[in-house]
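Those protein sequences? They're chains A and B, same order as listed.
Residue numbers for the first sequence, in the working numbering: 1 to 284.
Residue numbers for the second sequence, in the working numbering: 1 to 264.
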Amino acid sequence: MLPDEVLPDEVFPDEVFPVKWARRAVLLVLGLYFLLPLVAMLDFSTRGRGGQRDLSAWRAIGADSELLHAILVSVELAVLTALLMLLLLVPTMTWVHLRLPRLKRLIEALCLLPLVIPAIVLVVGIASLYSWVTYFLGDSPLTLTFVYVVLVLPYAYRAIESGLTAVDLRTLSEAARSLGASWPAVMLRVVLPNVRAAVLSAGLLAVALVLGEYTIASLLNFTTLQVDIALLGKRNAEISIAVSLAALLFAFALLLALSLAGARRRRSRGATPLALAAYQAENA
Amino acid sequence: MAVFLLYPTLTVVGGSFTTDDGSFTLGNVTAIFSSPYRESFLRSIELSALTAVIGAVVGAVLAWAVVAGRPDGLLRRFVTAAAGVLAQFGGVTLAFAFLATVGFEGLVTVVLRDSLGVDIAGTWIFELPGLALVYSYFQIPLMVLVFLPALDGLRPQWREAAQSLGGSAWTYLRLVAGPLLAPAFLGSMLLLFANAFSAYATAAALVSQGASIVPLQIRALQTGEVVLGQQNVGKALGLGMVVVVAVVLALYALLQRRTSRWLR
Numbered sequence: 001m002l003p004d005e006v007l008p009d010e011v012f013p014d015e016v017f018p019v020k021w022a023r024r025a026v027l028l029v030l031g032l033y034f035l036l037p038l039v040a041m042l043d044f045s046t047r048g049r050g051g052q053r054d055l056s057a058w059r060a061i062g063a064d065s066e067l068l069h070a071i072l073v074s075v076e077l078a079v080l081t082a083l084l085m086l087l088l089l090v091p092t093m094t095w096v097h098l099r100l101p102r103l104k105r106l107i108e109a110l111c112l113l114p115l116v117i118p119a120i121v122l123v124v125g126i127a128s129l130y131s132w133v134t135y136f137l138g139d140s141p142l143t144l145t146f147v148y149v150v151l152v153l154p155y156a157y158r159a160i161e162s163g164l165t166a167v168d169l170r171t172l173s174e175a176a177r178s179l180g181a182s183w184p185a186v187m188l189r190v191v192l193p194n195v196r197a198a199v200l201s202a203g204l205l206a207v208a209l210v211l212g213e214y215t216i217a218s219l220l221n222f223t224t225l226q227v228d229i230a231l232l233g234k235r236n237a238e239i240s241i242a243v244s245l246a247a248l249l250f251a252f253a254l255l256l257a258l259s260l261a262g263a264r265r266r267r268s269r270g271a272t273p274l275a276l277a278a279y280q281a282e283n284a
Numbered sequence: 001m002a003v004f005l006l007y008p009t010l011t012v013v014g015g016s017f018t019t020d021d022g023s024f025t026l027g028n029v030t031a032i033f034s035s036p037y038r039e040s041f042l043r044s045i046e047l048s049a050l051t052a053v054i055g056a057v058v059g060a061v062l063a064w065a066v067v068a069g070r071p072d073g074l075l076r077r078f079v080t081a082a083a084g085v086l087a088q089f090g091g092v093t094l095a096f097a098f099l100a101t102v103g104f105e106g107l108v109t110v111v112l113r114d115s116l117g118v119d120i121a122g123t124w125i126f127e128l129p130g131l132a133l134v135y136s137y138f139q140i141p142l143m144v145l146v147f148l149p150a151l152d153g154l155r156p157q158w159r160e161a162a163q164s165l166g167g168s169a170w171t172y173l174r175l176v177a178g179p180l181l182a183p184a185f186l187g188s189m190l191l192l193f194a195n196a197f198s199a200y201a202t203a204a205a206l207v208s209q210g211a212s213i214v215p216l217q218i219r220a221l222q223t224g225e226v227v228l229g230q231q232n233v234g235k236a237l238g239l240g241m242v243v244v245v246a247v248v249l250a251l252y253a254l255l256q257r258r259t260s261r262w263l264r
């Protein structure tokens, strides 16, 4: 898992303190610290009667229709949120980038505002609004999409922003316009292919955030994946821990895929895995 | 956008200053400075500060260990992806991971009890020390994510320059890297503070009864345990949280400007 050949042998030639070993020790100790709960979850979820191992908790996941429904709801929400967010953000940001650079500060402030307002506070203010939402749109959990779009804005904004600044959009679009392309054509055939990696990472990030969201869904009484895990925890700890582990591993696979895909597309500063760190830097 | 962000914010702000029947009052806001809400705020701040310091120190060390490897190496990708999951996705799942580890029947609890006869199970995991331990599972990864770009910004030439002038590694750390990284480090710590302060899911999944920190206090007020005449106290608490987070993030933005002068 930790390949030795990536360690530079001579970090400090005149080193008294053996940096290389210190580094390995740090990685080992913290690696264990972070792996321990995962191992414990695996152990806990496979505990059978009389000290034996069995997979009944894992099998029960498939048999729990309520849980499966919650998973479906969460996946639908994640996809809807990602699509709506992209539909909203990509054209707006491109337009601002190309035609209205003066509005950039305003859009940025607006997109980063949700960071200052904790989800728990947002839900307090939104609770009264939701009686209207359910009145007009029904009480489907999918109405959460709107709040979630607001919630993922800061992260998506940073991802798309880094994609847009990495290419010389102005020159490209002027070239396309002077060759007679309409604005929709510029959008679809010039801008979009160039910021594909950023759009992809913004989308995946939104998916991961929505799948992990608990605060708003639980306080507005909608049963999503995380809410159901928390409920299950009170009835059947083993199943809830099995689902938790599965969800964590799934999210990890998603982000690892994102990092590998980003690296293959573009090795420069635009959308490498480092960008992942950069836009998550604003997390609050 | 306006409906789902500005409206709730205005509701919170407006609600903080009105009574149940809609007239103006400062009662809600003064209420959050009295017991039990004052204690909740203090405990929240204590928890956030504690985990921010732990997270920042340990996370910085881990970031250093990771950044010394190849920038596109497998180790680094692995760690950033794992950190992304733990820092963002965590919440409820982390609470259960934690219960499986040191809960009453958790792996570590059982192993320690059977082999050493030490019983670590107890209610501490539902109180401040327990919350601090769980929180560190998302604070450390967040620090890694935030601090990595800063470490990347340190140019090898600077170290070589220090070395060629006869400086030891310690001199380099103390006189070059330290001062350069200090704003980034402090800024990240503020970010971690804000993150812990506004975290809700982990604590909510772990502590089902009672309310020790502000977000749980808001939950209690939100889910019906409302004393008449207090329904806007939750909004005032929310306003208090927004103010704390806004102050912290403003400081962060200031430090960020200082950092970006050197690290690009």
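We put the CB at the ideal spot given by N, CA and C, even for glycine.
- Nearest CB-CB separation between aspartate 64 of chain A and chain B: not below the 8 Å threshold.
- Under the Cβ distance rule, threonine 80 of chain B counts among the residues neighbouring chain A, one pair being separated by less than 8 Å.
- Cα atoms of glutamine 139 of chain B and glycine 31 of chain A: separation of roughly 15 Å, rounded to the nearest angstrom.
- The beta carbon of phenylalanine 222 of chain A does not come within 8 Å of any beta carbon belonging to chain B, so the residue lies off that interface.
- Between alanine 119 of chain A and isoleucine 216 of chain A, the C-beta gap is smaller than 8 Å, which places the two residues in contact.
- DSSP, read as helix, strand or coil, puts arginine 77 of chain B in helix.
- When the Cα atoms are used, leucine 84 of chain A and proline 91 of chain A turn out to be separated by approximately 12 Å.
- A direct Cα-Cα distance of roughly 13 Å separates alanine 56 of chain B from alanine 132 of chain B.
- Taking C-alpha positions only, tryptophan 95 of chain A is separated from tryptophan 21 of chain A by approximately 52 Å.
- For arginine 219 of chain B, the C-beta contacts it makes with chain A under 8 Å involve Ile120, Leu219, in order along the chain.
- Shortest Cα-Cα distance from isoleucine 160 of chain A to any of A:Val199, A:Arg102, A:Ile61, A:Leu188 involves A:Val199.
- At a cut-off of 8 Å, the C-beta of phenylalanine 136 of chain A has no neighbouring C-beta in chain B.
- In this structure, alanine 65 of chain B lies away from proline 141 of chain B, with their beta-carbon atoms at least 8 Å apart.
- Ranked by Cα distance from alanine 127 of chain A, the options A:Leu220, A:Val79, A:Val152 are led by A:Leu220.
- For leucine 144 of chain A, the nearest beta carbon of chain B is not closer than 8 Å to its own beta carbon.
- For arginine 159 of chain B, the three-state secondary structure derived from DSSP is helix.
- Put simply, the CB of isoleucine 107 of chain A is far from chain B, with every gap to its CB atoms at 8 Å or more.
- Neighbourhood of aspartate 168 of chain A in chain B, by CB distance below 9 Å: empty, with the nearest CB roughly 19 Å away.
- Close partners of proline 141 of chain A in chain B (Cβ separation under 8 Å) are lacking, with about 16 Å as the shortest Cβ gap.
- Under the Cβ distance rule, glycine 233 of chain A counts among the residues neighbouring chain B, one pair being separated by less than 8 Å.
- Contact of valine 90 of chain A with chain B is not assigned, every C-beta pair being separated by 8 Å or more.
- Tyrosine 200 of chain B reaches chain A at Pro118, Ala119, Ile120, Tyr214, Thr215, counting residues in chain order whose Cβ is nearer than 8 Å.
- Ranked by Cα distance from threonine 143 of chain A, the first of A:Val152, A:Trp132, A:Ala197 is A:Trp132.
- Residues of chain A whose Cβ lies closer than 9 Å to the Cβ of glutamine 88 of chain B are, in chain order, Tyr155, Leu205, Ala208, Leu209, Gly212, Ala251, Leu255, Gln280, Asn283.
- Chain A has a Cβ within less than 8 Å of the Cβ of alanine 65 of chain B.
- Boundaries of the alpha helix (DSSP H) around tyrosine 135 of chain B: 128-152.
- Listed along chain B are Leu107, each with a C-beta nearer than 8 Å to that of valine 39 of chain A.
- A distance below 8 Å separates the beta carbons of phenylalanine 197 of chain B and serine 44 of chain B.
- Sorting B:Val176, B:Gly167, B:Ala52 by C-alpha distance to the C-alpha of valine 146 of chain B places B:Ala52 at the top.
- In the same chain as leucine 103 of chain A, and ignoring 5 residues on each side of it, the C-beta atoms closer than 8 Å to its own belong to Val96, in chain order.
- 8 Å or more divides the Cβ of leucine 107 of chain B from the Cβ of valine 134 of chain B.
- Going by C-alpha positions, leucine 191 of chain B is about 31 Å away from isoleucine 71 of chain A.
- Of the candidates B:Leu249, B:Leu254, B:Leu255, the residue whose Cα lies closest to the Cα of leucine 112 of chain A is B:Leu249.
- The CB of methionine 143 of chain B never comes closer than 9 Å to any CB in chain A; the least such distance is about 10 Å.
- Contact between valine 144 of chain B and alanine 81 of chain B does not hold, since their C-beta atoms are separated by about 11 Å, which reaches or exceeds 8 Å.
- Residues of chain A with a Cβ closer than 7 Å to the Cβ of valine 85 of chain B are, in chain order, Leu248, Ala251, Phe252, Leu255.
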